[in-house]
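By numbering that gives the first Met the number 0, the letter at position 25 of the sequence shown is numbered 24, and the numbering carries on one by one without gaps.
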Amino acid sequence: MVINKGEDIGLTLQLIKSDGQNVEENAIVTYRIFDPTATVELVSEQTTVFNNTTKSYINNLIPSISWTDQEVGSYLIVWSVSNTDDDFAPTYTEDLQVNIDKTKIDKILGLVHQNILIDQTGYDIHGNLSNARIRIYSDSVSVGTGNNIIATYEIVSVSTETGKFTTWTQKET
């Protein structure tokens, strides 16, 4: 399972009986999260509930409550199963990969159009923007300063009449 750091984790475990068709509905299912070697417990035992719609045991783990020191990396989910009619293993292990949030990566790269300054503007005879400098900053406090600049671009536009450009380029400087 792969999740983004800090996001709620919807965990599910389905126990299919040996007949291959029916699902165990009366088990007691809990889980814990460990480091990759299964020696350090990071999330203490959490209980699940059986969901009739999905026919599985579910729990929504909220990292801000149950896993406050969550970091990017690989982990193990260890499921414990008891009180079953069928011959299920007492434990199941599942890999969990915590990645950095894509939104944060986009923000770092300046792809979400936040913390941007357009200055050093020029206009043509039609009043259209013909050139400018664009700077992307890592935080809102730095906008307009020389600090924490992620990237600087030069834009050039060629227009033939008011409100109509024929070309627009944006190049990193």
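For every residue, glycine included, the Cβ atom is placed at its ideal position computed from N, Cα and C.
Residue of the options minimising C-alpha distance to residue i
i	options	result
Gln113	Arg31, Ser156, Val140	Val140
Ser55	Glu160, Asp118, Leu10, Ile135	Leu10
Glu153	Leu116, Tyr30, Glu160, Gly162	Leu116
Pro89	Trp66, Thr38, Trp167, Ser79	Ser79
Leu95	Leu41, Asp84, Thr83, Ser137	Leu41
Lys16	Asp84, Gln45, Glu70, Thr53	Asp84
Val155	Asp118, Asp138, Ile99, Asn147	Asp118
Ile27	Thr38, Ala37, Glu44	Glu44
Leu60	Tyr122, Ile104, Asn127, Ile76	Ile76
Thr67	Thr151, Met0, Lys4	Lys4
Phe164	Asn127, Leu12, Tyr136, Asp138	Asn127
Val157	Ile149, Ile135, Trp167, Thr53	Trp167
Local conformation of residue i per DSSP, three classes
i	result
Ile8	strand
Ile99	coil
Ser141	helix
Asn50	strand
Thr36	coil
Rounded separation between residue i and residue j - CA only
i	j	result
Tyr74	Asp34	5 Å
Ser129	Lys170	14 Å
Leu14	Phe87	8 Å
Ile32	Thr120	54 Å
Asn82	Asn98	35 Å
Glu160	Ala131	19 Å
Glu6	Thr38	24 Å
Asp100	Gly72	12 Å
Gln69	Pro62	7 Å
Asn51	Ile64	26 Å
Thr29	Ala150	48 Å
In DSSP terms, what residue i is bridged to
i	result
Ala131	Ile154
Thr90	Ser79
Ile15	Val22
Gly121	Asn130
Val28	Val80
Asn58	Leu10
Ile104	The partner list for Ile104 (beta bridge, DSSP) is empty, contrary to what the question assumes.
Beta strand (DSSP E) segment containing residue i, residue limits
i	result
Ile64	It is not in any beta strand (DSSP E) - Ile64 instead sits in the alpha helix (DSSP H) that spans 62-65.
Thr44	At residue 44 the sequence reads Glu, which differs from the Thr that was named. Run containing Glu44: 40-46, per the beta strand (DSSP E) assignment.
Glu171	163-171
Ile76	72-81
Asn146	From DSSP, Asn146 is part of no beta strand (DSSP E); its letter is neither H nor E.
Asn3	1-3
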